[in-house]
Amino acid sequence: MLHNPNKLDHETQMSTFELINGLVSLVHDTSMMPDVAHTAMESLLVLHETRNIELWNPEASINTFWSISS
Numbered sequence: 712m713l714h715n716p717n718k719l720d721h722e723t724q725m726s727t728f729e730l731i732n733g734l735v736s737l738v739h740d741t742s743m744m745p746d747v748a749h750t751a752m753e754s755l756l757v758l759h760e761t762r763n764i765e766l767w768n769p770e771a772s773i774n775t776f777w778s779i780s781s
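The opening residue of the sequence shown carries number 712 in my numbering; numbering runs sequentially from there.
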């Protein structure tokens, strides 16, 4: 689960942003680690399923989605 109830909304949003950016970085590095890049791509697809987007930050899921996706 992405949400940690002990974190403030902006901390949860930042943690989610860092996770997604890290996965995107791994997707771009296909030359050295193609298996890792493929797994990162699959993970991003799962994270972008509607039911999972709501878990990015349950207190502000739409705002978090738009902030990270733009």
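Glycine included, C-beta positions come from ideal geometry on N, C-alpha and C. None of the values given here were measured: they were computed from a predicted structure.
What distance in whole Å lies between the Cβ atoms of residue j and residue i, which are believed to be in contact at a cut-off of 8 Å?
| i | j | result |
| --- | --- | --- |
| residue 775 | residue 727 | 6 Å |
| residue 758 | residue 731 | 7 Å |
Near residue i, what residues of its chain come up, given a Cβ to Cβ distance below 7 Å and the 5 sequence neighbours on each side ignored?
| i | result |
| --- | --- |
| residue 720 | 768, 770 and 771 |
| residue 778 | 724 |
| residue 712 | Note that residue 712 has pLDDT 48, beneath the 50 cutoff, so the model's placement of it is unreliable and the number below is only indicative. Within the same chain, residue 712 has close Cβ partners 766. |
Got a sec? Which residues, its chain only, sit under 8 Å from residue i by beta carbon, not counting five neighbours each side?
| i | result |
| --- | --- |
| residue 735 | 751 and 755 |
Where do the ends of the alpha helix (DSSP H) carrying residue i lie?
| i | result |
| --- | --- |
| residue 749 | 745-758 |
| residue 774 | 772-780 |
| residue 734 | 720-739 |
| residue 715 | Unbroken run through residue 715: none, as it is neither H nor E. |
| residue 763 | 761-767 |
Between the Cα of residue i and those of the options, spot the shortest distance and give me the residue it belongs to.
| i | options | result |
| --- | --- | --- |
| residue 780 | 749, 722 and 729 | 729 |
| residue 733 | 715, 748, 743 and 773 | 748 |
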